[in-house]
Amino acid sequence: MTALLDAYAPTDEAELSGIVADHFRRASPLCIEGGGTRIENTAQGQRLSTARLSGVVTYSPGEMTLIARPGTPLPEIEDMLAAEGQALAFEPPDLRGILGRNGIPTLGGMVAANASGPRRLLAGACRDHLLGLRFVDGQGRILKNGGRVMKNVTGLDLSKLLAGSHGTLAILTEMVLKTLPLLPARTTLICRDLDEAQAVRLFSTALATPFEVTGAAYRDGTAYLRIEGLEKQLTYRRDRLLALLTDHDPEVLDDAATVTLWRDLRDVSHFAGLAAPLWRILTKPTEAPRITAALHTLGGQTSLDWGGGLIWYAGPGEATQIRNIATHATLIRRAGVTGPAFPPQQGATARLQQGLRQTFDPAGILNPGLMES
Amino acid sequence: MTIAMPAPDQSVIQRGPQIIAALRAILPGDAVIDDPQETRAYECDALTAYRCPPLAVVLPRTTAEVAAIMQTCHRMGVPVVPRGAGTSLAGGALPTADCVLLGTMRLRDVLEIDTDNRFIRVQTGVTNLSVSAELEPHGFFYAPDPSSQLACTIAGNIAMNSGGAHCLKYGVTTNNLMAATVVLTTGEIVQLGGPELGPDGLDLLGLFCGSEGQLGVVTEATLRILPRPEGARPVLIGFDNAEVAGECVARIIRSGVLPVAIEYMDEPCLRAVESFAKAGYPACSAVLIVEVEGSRDEIADQLARIRAIAEDLNPVEFRESRNADEAAKIWKGRKSAFGAMGKLGDYICLDGTVPVGQLPFTLRRIGELSQQHGLEVANVFHAGDGNMHPLILFDANTPGDLARAEAFGADILRLCVEVGGCLTGEHGVGIEKRDLMGDQYDPADLAIQMEIKDLFDPQWLLNPAKVFPLEASARFRQRAAE
């Protein structure tokens with residue numbers, strides 16, 4: 001067995017399967033690691049790294065598909081796609097800054113976390129771009145689901161279920177992702193001196209237009225709207241939006257500044273320097289003003305993404321207080337806070353989730369407890 | 001009839017009167033149908049070669065009524081077959097003689113339209129087209145648009161994860177579904193997802209969408225809505241070589257222009273369309289219809305790019321539409337293709353998907369298989385995403401012809417899997433592709449899917465004998481029967 005410091009680091013699916021089967025027999029837990037750049041893995045167990053399950057299997061720009069292994073560094077993938085004028089449209093965030101980590105984000109970690117950035121609003125989440133995968137379940141079985149084509153309804157769709165399962169159901173060994181053409185031009189409209197309620201109203205207005213706003217974020221009293229497209233398309237859309245938002249007297253940002261701005265917004269860089277715990281809260285956008293106002297009474301700061309549908313909260317609020325204000329709150333940066341990171345599930349949903357865990361991982365050895373309350 | 005269904009459970013059929021009485025006790029009088037004259041209307045879906053009247057039909061109007069039905073059937077050990085509008089081409093709503101068929105068509109209410117948060121919440125018996133019609137005054141639409149959209153329901157769309165011509169840009173049902181109210185086999189009601197862009201736990205909604213009625217019955221849905229584009233315009237591109245048409249598709253996709261639809265029709269299809277619809281298509285080997293959206297200038301810009309790509313490949317014709325009439329004329333042949341094929345005789349319609357780069361090879365190979373099987377085939381399909389729709393022509397009145405057509409179809413689907421594709425892109429497995437699942441998935445790949453089915457439906461009462469090969473599911477069903 002190949003060792004990486006004190007962790008297992010299998011180099012192929014068969015070796016991984018052997019390790020997991022052995023741990024299954026002994027009911028001995030495993031702590032699965034990608035690049036270690038996403039949510040903190042609090043699972044107790046023998047460490048298992050996917051770092052050496054690495055490499056691109058196939059990249060077909062004409063078919064808009066990428067097949068790669070989980071340990072493949074995400075920056076390498078992004079460079080390779082950019083060279084062909086393509087990208088992962090869901091814009092996976094890089095959370096190293098806010099988490100204070102220095103690993104390399106991996107493709108497997110991205111899928112396991114269903115990591116999706118500002119463009120999720122229009123383009124969908126990581127799971128919407130996952131066409132198929134291979135994985136090893138908690139008994140060490142080597143399995144596959146989905147395929148490499150855009151449309152596939154053959155049998156149950158396990159790709160969606162495994163995306164965002166944080167290694168608690170299976171260890172991914174190969175994934176097929178849809179790639180999309182990189183839009184050649186972009187700009188940002190900036191509207192200042194707005195409160196959250198005004199910003200969300202502005203977002204709702206802009207997002208009801210056919211101008212395909214690909215980013216709608218808010219921080220420090222300023223709302224940002226991003227549009228992307230072919231050159232002529234962009235000019236037209238910009239002018240129409242400027243006319244629509246004339247009361248707010250928007251500023252216009254150029255292409256390069258737009259790239260930098262949205263990278264920062266994507267990575268929540270504005271909260272990187274703070275020591276406070278960081279929460280990611282999902283909501284119906286029009287609820288965001290109520291939620292942020294309530295969070296502010298606990299102290300700390302908020303920002304918005306996804307047109308108000310995603311609230312970032314950096315502050316001292318207690319988990320129970322925060323979840324009383326908004327149920328869909330996930331703790332991203334613990335900063336000393338203990339307790340479950342994911343929002344507790346109730347009733348039939350909790351029972352089904354537990355049942356699925358037992359189906360995929362009967363001995364409870366894959367990242368045990370990571371997603372549980 | 002080559003697809004076997006298990007023998008119905010005689011003990012259920014014998015208890016028929018008690019089961020119907022129990023259903024009548026919990027539902028309004030007109031919601032339970034057991035008159036054989038009337039249940040006959042539900043004996044098949046759009047895969048009409050397979051028919052079987054159910055024990056009874058129930059037509060609930062509320063989630064609570066669905067829950068009561070499920071609870072009763074669960075308690076009495078009665079199989080339940082959910083049905084939307086019965087437009088499944090795969091036999092996804094085929095009843096069994098021992099089942100209660102649960103139709104969603106009276107779940108007709110639009111519950112909420114929220115344009116600020118960009119969703120619509122509906123009962124799932126509403127039709128696909130009526131959702132977009134409801135949204136039209138608000139300037140929004142619902143993107144998935146299966147060709148049966150006039151009739152098909154949201155319940156069926158969710159069960160089959162339906163697509164349509166425009167999913168190249170907007171995705172299929174699973175990409176546009178935000179939440180669902182699901183009734184489990186026990187009658188328990190569970191909410192999956194919500195009006196937020198989730199999930200933040202395991203994606204049960206993603207698992208449920210496309211599960212073909214194996215896991216539960218969906219009674220309400222929250223759907224993502226999109227602002228209507230300012231305009232849309234198709235172009236028609238004719239080629240005298242099918243492979244070049246395939247190359248054109250790949251080049252358009254690579255170029256960065258993302259059309260909302262790229263449709264493909266081959267020569268046999270073009271001939272049928274010309275005979276019956278007189279759409280004025282060029283006589284050639286392959287026609288592409290490419291549609292782009294946006295303002296007038298945006299459309300012009302995108303079409304100029306597409307023209308440049310196409311002209312490098314020497315098309316027979318590149319026809320733009322200058323107005324709505326001409327646009328409609330370009331779509332006319334495509335939209336009448338299935339009807340035109342129907343006039344040539346009986347057909348079965350497949351929907352295997354292949355990687356776009358494999359389209360030319362797959363088309364050539366289908367042509368060879370057509371000669372081997374001695375049956376004609378026409379191809380009309382969503383080329384942008386490789387979702388093929390070979391139509392195999394046969395004569396239902398000739399003994400053995402259906403079996404030959406099915407054998408030919410199975411060969412085509414195996415071919416799709418061989419070149420890296422799948423058995424079904426949007427129609428679902430149903431009974432039609434059930435016995436081919438082993439060609440795409442290894443036994444263990446199917447086992448984990450059936451273990452999940454077993455978790456949701458331990459008695460295996462929901463939509464029996466669909467999706468999973470009977471041989472593979474035997475051990476689960478036997479254990480459930482014990």
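So the sequences go chain by chain: F and Y.
Note that the first sequence covers residues 1 to 373 in the numbering used here.
Note that the second sequence covers residues 1 to 482 in the numbering used here.
Glycine included, every Cβ here is placed at the ideal spot set by N, Cα and C.
A direct Cα-Cα distance of roughly 22 Å separates TYR313/F from PHE90/F. No residue range can be given for GLN44/F, since it is assigned to no beta strand (DSSP E) and is classified by DSSP as neither H nor E. Under the Cβ criterion (8 Å, minimum of three pairs), the segment 184–193 of chain F does not count as touching the segment 166–176 of chain F. PRO6/Y and ILE142/F have their C-alpha atoms roughly 31 Å apart.
Near chain Y, meaning a CB-to-CB distance below 9 Å, the residues of the segment 139–164 of chain F are ARG141, ILE142, LEU143, LYS144, ASN145, GLY146, GLY147, ARG148, VAL149, MET150, LYS151, ASN152, VAL153, THR154, GLY155, LEU156, ASP157, LEU158, SER159, LYS160, LEU161, LEU162, ALA163 and GLY164. With a threshold of 16 other beta carbon atoms within 10 Å, SER269/F falls short and is exposed.
If only uninterrupted beta strand (DSSP E) runs of at least 3 residues are considered, those enclosed by the segment 359–443 of chain Y are 377–382 and 390–394. TRP306, GLY307, GLY308, GLY309 and LEU310: these are the residues of the segment 300–316 of chain F whose beta carbon lies less than 9 Å from some beta carbon of chain Y, given in chain order. For LYS169/Y, the enclosing alpha helix (DSSP H) begins and ends at 167–170.
What GLY62/F touches in chain Y, judged by beta-carbon distance under 7 Å, is ALA250, ILE253, ARG254, VAL356 and GLY357, going in chain order. For ASN387/Y, the nearest beta carbon of chain F is closer than 8 Å to its own beta carbon.
Within the model, the alpha-carbon separation for GLU196/Y versus ASP109/Y is close to 22 Å. Cα atoms of PHE208/Y and ALA159/Y: separation of roughly 8 Å, rounded to the nearest angstrom. Annotated three-state conformation of LEU172/F is strand, per DSSP.
At least one C-beta of chain F is nearer than 8 Å to the C-beta of THR174/Y. In the DSSP assignment, LYS144/F falls within the beta strand (DSSP E) that extends over 142–146.
The beta-carbon of ARG121/Y is placed no less than 8 Å from the nearest beta-carbon of chain F. A contact between stretches requires three or more CB pairs, one per stretch, nearer than 8 Å, and the segment 149–163 of chain Y meets this requirement with the segment 202–219 of chain Y. Residue contact with chain Y for HIS248/F: absent (no Cβ-Cβ distance below 8 Å to any residue of chain Y). Interface flag for GLY355/F against chain Y is set, since a Cβ pair is found closer than 8 Å. The segment 38–78 of chain Y is shown to contain whole alpha helix (DSSP H) runs of 4 or more residues at 63–76, in chain order. Taking 7 Å as the cut-off between beta carbons, the residues of the segment 429–451 of chain Y near chain F are VAL429, MET437, GLN440, TYR441, ALA444, ASP445, ILE448, GLN449 and GLU451, in sequence order. Ranking LEU253/F, LEU304/F, PRO368/F and ILE322/F by CA distance to the CA of PRO277/F puts ILE322/F first. With fewer than 16 other Cβ atoms from the protein chains shown falling within 10 Å of its own Cβ, ARG75/Y counts as exposed. Contact between the segment 182–202 of chain Y and the segment 88–101 of chain Y is absent: fewer than three C-beta pairs spanning the two stretches fall below 8 Å. Secondary structure at GLN86/F: strand, using DSSP grouped into helix, strand and coil. In this structure ARG434/Y is not in contact with TRP460/Y, their Cβ atoms being roughly 14 Å apart against a cut-off of 8 Å. By the rule that beta-carbons nearer than 8 Å mark a contact, SER88/Y does not touch chain F. The alpha-carbon separation between GLY229/F and LEU363/Y amounts to approximately 34 Å.
The C-beta distance from PRO355/Y to GLY386/Y rounds to 6 Å, short enough to fall under 8 Å. The beta carbon of PHE90/F does not come within 8 Å of any beta carbon belonging to chain Y, so the residue lies off that interface. Residues of the same chain with a CB within less than 7 Å of the CB of ARG224/Y, apart from the 5 flanking positions on each side, are ARG118, PHE119, ASN176 and MET178 in chain order. Contacts with chain F at 8 Å (Cβ-Cβ) do not include ASP457/Y. The alpha-carbon separation between LEU423/Y and LYS466/Y amounts to approximately 14 Å. By alpha-carbon distance to GLN301/F, the top candidate from ARG280/F, THR320/F and GLY307/F is ARG280/F. Taken residue by residue, none of the segment 14–48 of chain Y has a beta-carbon sitting less than 7 Å from a beta-carbon on chain F.
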